[in-house]
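J.: Note that full-length UniProt numbering has the sequence shown beginning at 1, numbered continuously upward. C-beta atoms are modelled at their ideal positions from N, C-alpha and C, and glycine is treated no differently.
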Amino acid sequence: MFSGGAELPSSLGSGRVGIRLIHRRDARTLERLLRENRAWLEPWEATYPGIPGPTPGEVSLRPTIKRMLRQFDEGRGVPFVITYDGAVVGQLSASDVSRGALWSASVGYWIDAGHAGRNITPTAVALAIDYLFATVGLHRVEICIRPENAASLRIVEKLALRYEGRRLRYIHIDGAWRDHDSFAITREEVSGSMVDRLAPPS
Numbered sequence: 001m002f003s004g005g006a007e008l009p010s011s012l013g014s015g016r017v018g019i020r021l022i023h024r025r026d027a028r029t030l031e032r033l034l035r036e037n038r039a040w041l042e043p044w045e046a047t048y049p050g051i052p053g054p055t056p057g058e059v060s061l062r063p064t065i066k067r068m069l070r071q072f073d074e075g076r077g078v079p080f081v082i083t084y085d086g087a088v089v090g091q092l093s094a095s096d097v098s099r100g101a102l103w104s105a106s107v108g109y110w111i112d113a114g115h116a117g118r119n120i121t122p123t124a125v126a127l128a129i130d131y132l133f134a135t136v137g138l139h140r141v142e143i144c145i146r147p148e149n150a151a152s153l154r155i156v157e158k159l160a161l162r163y164e165g166r167r168l169r170y171i172h173i174d175g176a177w178r179d180h181d182s183f184a185i186t187r188e189e190v191s192g193s194m195v196d197r198l199a200p201p202s
């Protein structure tokens, strides 16, 4: 179990890539990255039907981070930042953590455009899945991706996640209900670690 706001182990890293628990002090850096990557991220951002939302990076992320950390304390999610050579370059969250008869979570992420295509995000996702299986004790992790999001589809391809099917009009993204393809993996499907499935990040 994870609770009490405890730090994630410092060993959550592979080469130059790392993930760690998000801190309130990360807000300013993440806000800057969201502003600088507005055009890059907007097609994949969640929206709320009928409610015009604020532009990411134009409002403080501190309340959002506070909420994420509360969910971490309650065992309902794990909010990470993605780092490269120690610098924050993106964000990754395990959300909808379920116990009971399911023991599952969903993973979502984004990265600075200047760091895309360098195996950083696949490595961060692999580290997160390894943590969720080995430390949190989950049985299943899923990632849902818009069929048009070629970059994200390459991530699940590299990690050899299993395709489970298409969810029609599943999540409100960029102003409309969008189809998503569901990919998943269970602990039984992993021999060794997820990071072992990847080439070293560039």
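Flag this pair as touching only if the stretch 98-116 and the stretch 134-141 have three or more C-beta atom pairs under 8 Å; answer yes or no.
T.: yes
J.: Give the straight-line distance between the Cα atoms of E31 and A116, rounded to the nearest whole angstrom.
T.: Counting from one through the sequence shown, the residue named residue 31 turns up at place 31. Counting from one through the sequence shown, the residue named residue 116 turns up at place 116. Straight-line Cα distance between these residues: approximately 18 Å.
J.: In three-state terms, what does DSSP make of V190?
T.: Position 190 of the sequence shown holds residue 190. In the structure shown, V190 sits in coil (DSSP, three-state: anything other than H, G, I, E or B).
J.: Among P43, A134, G50 and A199, which has the Cα closest to the Cα of R187?
T.: Residue 187 sits at position 187 when you count from the first residue of the sequence shown. The candidate whose alpha carbon is nearest that of R187 is A134.
J.: Is it the case that the stretch 152-160 contacts the stretch 193-200, given that we only count it when at least three CB pairs across the two stretches are under 8 Å?
T.: yes
J.: Under the assumption that W44 contacts I173 (Cβ atoms under 8 Å), give the Cβ distance between them as a whole number of angstroms.
T.: Within the sequence shown, numbered from 1, the residue matching residue 44 stands at position 44. Within the sequence shown, numbered from 1, the residue matching residue 173 stands at position 173. Between I173 and W44 the Cβ distance is about 6 Å, and since that is below 8 Å, they are a contact.
J.: Give the secondary structure of A101 by DSSP, where H, G and I count as helix, E and B as strand, and everything else as coil.
T.: As a first step, residue 101 must be located in the sequence shown, where it is residue number 101. Note: A101 maps to coil in three-state DSSP.
J.: Is DSSP giving G86 helix, strand or coil here?
T.: Position 86 of the sequence shown, counting from 1, holds the residue named residue 86. Correct three-state label for G86: coil.
J.: Between the alpha carbons of R154 and R62, how many angstroms are there, rounded?
T.: Walking along the sequence shown from the start, residue 154 turns up at place 154. Walking along the sequence shown from the start, residue 62 turns up at place 62. For R154 and R62, the distance between alpha carbons rounds to 31 Å.
J.: Consult DSSP for I129 and reduce its assignment to one of helix, strand or coil.
T.: In the sequence shown, counting from the first residue as 1, residue 129 sits at position 129. Residue state, collapsed to three classes: helix.
J.: Report the rounded CA-to-CA distance for A124 versus L34, giving the unit in angstroms.
T.: Taking the first residue of the sequence shown as position 1, residue 124 is located at position 124. Taking the first residue of the sequence shown as position 1, residue 34 is located at position 34. Those two C-alpha atoms are separated by around 18 Å.
J.: Can you tell me whether DSSP reads V156 as helix, strand or coil?
T.: Walking along the sequence shown from the start, residue 156 turns up at place 156. Correct three-state label for V156: helix.
J.: Starting from the Cα of R38, find the closest Cα among S191, V17 and G114 and give me that residue.
T.: Here residue 38 refers to the residue found at position 38 when the sequence shown is read from its first residue. Closest in C-alpha terms to R38, from the list S191, V17 and G114, comes G114.
J.: Which of helix, strand or coil does DSSP assign to H139?
T.: If you number the sequence shown from 1, residue 139 lands on position 139. In this structure, H139 counts as coil in the three-state DSSP scheme.
J.: Got a sec, what are the start and stop residues for the alpha helix (DSSP H) R62 sits in?
T.: As a first step, residue 62 is located in the sequence shown; it is residue number 62 there, counting from the start. R62 -> alpha helix (DSSP H) spans R62 to D73.
J.: Rank P49, E164 and G77 by C-alpha distance to the C-alpha of W177 and give the top, closest one.
T.: For the purposes of this step, residue 177 is taken as residue 177 along the sequence shown, with counting starting at 1. For W177, the nearest C-alpha among the options comes from P49.
J.: Using the rule of at least 16 other Cβ atoms within 10 Å of the residue's Cβ for burial, across every protein chain shown, is D181 buried or exposed?
T.: For the purposes of this step, residue 181 is identified with residue 181 of the sequence shown, where counting begins at 1. It is buried - the Cβ of D181 has at least 16 other Cβ atoms within 10 Å.
J.: Nearest CA to the CA of R25: which residue from I65, A46 and R16?
T.: Mapped onto the sequence shown, residue 25 falls at position 25. Cα-wise, what sits closest to R25 is I65.
J.: For A27, which of helix, strand or coil comes out of DSSP?
T.: Within the sequence shown, residue 27 is the residue found at index 27, counting from 1. Looking at A27 - three-state DSSP - the assignment turns out to be helix.
J.: Among I19, Y163, D130 and Y84, which one has its Cα closest to the Cα of V190?
T.: As a first step, residue 190 must be located in the sequence shown, where it is residue number 190. It is D130 whose Cα lies nearest to the Cα of V190.
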